[in-house]
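Numbering (full-length UniProt numbering), first residue to last: 1 to 83. A short write-up of the structure that comes next.
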Amino acid sequence: QRLALYHDVTSPIVSWYRDRGILVSVDAMRSADQVGREILTALEAMRPLLDHVPAHARLSIDLTSLGDAFGGAGSTSGAGPLC
Numbered sequence: 001q002r003l004a005l006y007h008d009v010t011s012p013i014v015s016w017y018r019d020r021g022i023l024v025s026v027d028a029m030r031s032a033d034q035v036g037r038e039i040l041t042a043l044e045a046m047r048p049l050l051d052h053v054p055a056h057a058r059l060s061i062d063l064t065s066l067g068d069a070f071g072g073a074g075s076t077s078g079a080g081p082l083c
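Laid out in structure tokens, this is it:
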């Protein structure tokens, strides 16, 4: 039942992101370092989308420490906050 509930809840969310061209899939069957680098690369690639978000609606998120969480992968651009 949990797996069915998971699919029922996540399918509409995945579709929403896919329909807008902003869904990023990551192959999690690789090493943590590889997965971490791919996630950080995807987050950095999303930066230009923030130009469409009004400044008052933005939330500053500091990605600097994520490199440590992903085995020292670090940010792909060396940039700090994503806001």
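Cβ atoms here follow ideal geometry from the backbone N, Cα and C, with glycine treated the same way.
Which listed residue (the options) has its alpha carbon closest to that of residue i
i, options, result
"Ser65", "Val53, Leu59, Gly36", "Gly36"
"Met46", "Arg30, Gly21, Val9", "Gly21"
Span of the alpha helix (DSSP H) around residue i
i, result
"Ser15", "2–19"
"Ile39", "32–45"
Close beta carbons around residue i, own chain, < 7 Å, minus the five adjacent residues each side
i, result
"Tyr17", "Leu23"
For residue i: DSSP bridge partner residues
i, result
"Ile22", "Its beta-bridge partners do not exist; DSSP assigns none."
Residues near residue i in its chain [Cβ-Cβ closer than 6 Å; skip 5 each side]
i, result
"Ala28", "Val35"
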